[in-house]
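Written below as structure tokens is the structure these notes are about.
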Amino acid sequence: MISQLNHLFISHIYEKGSTSHSPQCFSSLNNIRCFRSSNNAKVSVSELTTQTPTSPAVNKVSRVARTDAESALFDYLHSTRGFNYVDAEHISKNSPHFVQSLLTKVDNDQDVARALTRFFRYHPINEFEPFLESLGLKQSELTSMLPRNLIFLSDDHVLLDNYHALCDYGIPRTKIGKIYREATEIFGYEYGVLGMKLRAYEELGLSRSTVIKLVTCSPTLLLGEMNSELLQVLEKLKILGFENDWIGGYLSNRHSYNWGRMLSTLHFLNDVGYSDEKMVTLFKMNPAFLFEGSGKRIYVLVGQLLKLGLKMNDVYSLFCQNPNILTLKCAKNLWHTLYFLLEIGLETENIANIVSTHIQLLSSHSLKGPKTVLRGFKGDKCRLCQTIKDDPLNLFRLASKSKFNVDQMTSQSPGKLFEKTSFLLRLGYLENSDEMSKALKQFRGRGDQLQERFDCVVNAGLDCNVVINMIKQAPTTLNQSKNVIEKKIDLLKTYLGYPVESIVSFPSYLCYDVDRVHLRFSMYAWLKQKGATKPTLSVSTLLACSDARFVKYFVDIHPEGPAMWESLKSSLKSS
């Protein structure tokens, strides 16, 4: 199996290249109709059909002039050239560089709208320029993408058909530029083919919004047959318990995704001993680990460890024994530590030894920069290296940013402290910060216990990020056992009939004593049956007030209220 892991790492350490293709041309300039010359025109037809300047510098023009130019361009496209209203409006309002170039054709003292209307009457424009710019393509990209023998969009009806297919599906027009750049071939598809490909991804169980994100992030998914690697990634995530649309929440059209490498990452985690449960926790708390770089981080980390001289067997063992080192923060700390040791000139053999024996501390603490630590050694790298060789813990004593005593940490169950620190890092606490120091004192229990309690709230039906914000507002929530948290959530649903979302704005609810919650909810439920109170009071209104205030507003308001209140208190004491 180890040889397979080596092969897996080597075969995916590099990105696959990609190719780009120019759009197909469908006719020539022979169909350009004749235009009469005008002595009033500022430029010639030949000057107009050249590409707009690519310089980022643009002349300052008034907002009114720019608006008038956009209106003139819209009228030309819609009324003269026959574009539909939406297309003409989008192109005219989303091609600022082209509009700027039009304004250079008009004298400053002229009526912009009238001058440009006259200008369009006698001179053709290359319609592909504003069209491609309106799709979100940069001005510097247009030169290589403009068709050589076309200036009228209507001459490329196939391109327009596929453009409208994307628009009708719901893909934002300004995002289509990336699709045009990375998968130009799809704009040559026969009518109906593109829509069929989009619907095929929906038939996998993906929502339309997720399909839109997928194809804008990875336009090549629309080329050829359906991407088998994406299908396998979705299947693996489904086995782990993630819905197909889960990925839609973490895709960004600013990135492209390598589904093959992402699939290999999932297999790699399986191969190095990650159980399904551990992978679920890893991806729930750190989805960026899978989506940012398509899992590239694991290959970079493994590659560095192999360069140090560690064997794949050693790497395998490290991952199995310390699964949390693959979290974003821990991997970053480990990477910075390796840089520190390499920068001061420590031999790779010694670095490998430190990594093998102290990887928990390496990944759970960030270090000062090498130059900062070397000041205490007057720049003597050899002496610093020898100090670390004598006792690797000196690395943390000298360089750790942490305010904690390293000796005390290592003597008092470092594994448990590491798990607790890792959990808090996943909640978003900054390492070595005052907030982290305070949180370590506030949160009681081992890291796995805190995680179990956190998962309990998430599994009740709340979003992971929402729960993180709730916990930060009411940290003592996680100091209770899982059973107590479940009981309070059950009381909320049973006595009030409220959804769990009702405590998002009042997370302190989970910190109140169970007896107080049970007693007050029971009294309020009785009052609702009697029709003596409002049916939808907030949880904070029922719990945050004092006992005297609760009796005044929720007990004494009904003639039988005091008797019922005493009965409830008695039954609670006897239970």
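If you count the sequence shown from 1, you need to add 79 to reach the numbering used here.
Beta carbons: idealized from backbone N, C-alpha and C, even for Gly.
Exercise. CB-CB under 7 angstroms to Ala167, same chain, minus the five flanking residues each way: which ones, in chain order?
Worked result: Phe153, Leu156 and His157
Exercise. With 16 other CB atoms within 10 Å as the buried threshold, where does Ile636 fall?
Worked result: exposed
For this session: Output yes or no for whether 8 angstroms exceeds the beta carbon distance between Cys464 and Ser443.
Result: no
Problem set entry | Beta-carbon contacts of Ala518 that lie in its chain and below 7 angstroms, excluding the five residues immediately before and after | Leu503, Tyr508 and Pro554
Problem set entry | Residue range of the alpha helix (DSSP H) that includes Ile255 | From DSSP, the alpha helix (DSSP H) with Ile255 extends over Ile255 to Glu261.
Exercise. What do you reckon, are the CB atoms on Leu195 and Ala148 nearer than 8 angstroms?
Worked result: Result yes, Cβ atoms of Leu195 and Ala148 sit closer than 8 angstroms.
For this session: Would you be able to state if there are at least three C-beta pairs under 8 angstroms between the region 547-563 and the region 598-617?
Result: no
Problem set entry | Gln530 (DSSP reduced to helix, strand or coil) | helix
Exercise. The alpha helix (DSSP H) with Val272 in it runs from where to where?
Worked result: Start and end: Val272 to Glu281.
Exercise. Is Ser617 helix, strand or coil when you go by DSSP?
Worked result: coil
Exercise. Can the beta-carbon of Tyr336 be found less than 8 angstroms from the beta-carbon of Ser307?
Worked result: no
Exercise. Which residues bound the alpha helix (DSSP H) around Thr289?
Worked result: Arg287 to Cys296
Problem set entry | Backbone CA spacing between Leu302 and Glu426 [nearest angstrom] | 49 angstroms
For this session: With a 10 Å radius around its C-beta and 16 neighbouring C-beta atoms as the bar for buried, classify Asn548 as buried or exposed.
Result: exposed
Problem set entry | According to DSSP, residues forming a beta bridge with Ser646 | Answer is none; Ser646 lacks a bridge partner.
Exercise. What three-state label does DSSP hand Ser442 in the structure shown?
Worked result: The answer is helix: DSSP assigns Ser442 an H, G or I state.
Exercise. Measuring CA to CA, which of Thr500, Gly458 and Met515 is closest to Asp527?
Worked result: Thr500
For this session: Tell me, please, which residues DSSP counts as bridged to Ser479.
Result: Leu446.
Exercise. Which of helix, strand or coil does DSSP assign to Asn306?
Worked result: coil
Exercise. Sorted by chain position, which residues of the same chain lie with C-beta nearer than 7 angstroms to Gln487's C-beta, five sequence neighbours on each side aside?
Worked result: Its pLDDT being 44, under 50, Gln487 is placed unreliably by the model, and nothing is read from it.
Exercise. What distance in whole Å lies between the Cβ atoms of Pro449 and Glu428, which are believed to be in contact at a cut-off of 8 angstroms?
Worked result: With a Cβ gap of about 19 angstroms, Glu428 and Pro449 do not count as contacting.
For this session: Enumerate in chain order the residues of its own chain whose CB-to-CB distance from Thr436 is below 8 angstroms, with the five nearest sequence positions on each side excluded.
Result: Pro471
Problem set entry | Sequence-distant residues of the same chain with beta carbon closer than 6 angstroms to Thr360, five excluded per side | none
Problem set entry | Nearest-angstrom Cα separation, counted from Glu281 out to Ser233 | 31 angstroms
For this session: Confirm, please, whether the CB-CB distance from Met224 to Leu239 is below 8 angstroms.
Result: No, the Cβ-Cβ distance between Leu239 and Met224 is not below 8 angstroms.
For this session: List the whole-angstrom C-beta distance separating Ser445 from Lys390, where the pair is believed to meet the contact cut-off of C-beta under 8 angstroms.
Result: Actually they are not in contact, since the Cβ atoms of Ser445 and Lys390 sit about 28 angstroms apart, beyond 8 angstroms.
Problem set entry | Cβ neighbours of Leu441 in the same chain (closer than 6 angstroms, five flanking residues each side left out) | Here the set comprises Leu413 and Thr416.
Exercise. Rounded to a whole number of angstroms, what is the C-alpha to C-alpha distance between Lys276 and Ile550?
Worked result: 43 angstroms
For this session: Check whether the Cβ atoms of Gly327 and Lys292 sit closer than 8 angstroms, and answer yes or no.
Result: Cβ distance < 8 angstroms, so Gly327 and Lys292 count as in contact.
Exercise. Is Thr556 helix, strand or coil by DSSP?
Worked result: helix
For this session: Would you kindly work out how many angstroms separate the C-alpha atoms of Ile230 and Tyr164, rounded to a whole number?
Result: 20 angstroms
Exercise. Alpha carbon to alpha carbon, how far is Lys315 from Met358?
Worked result: 11 angstroms
Exercise. So, Asn332 versus Thr289, is the Cβ gap smaller than 8 angstroms?
Worked result: no
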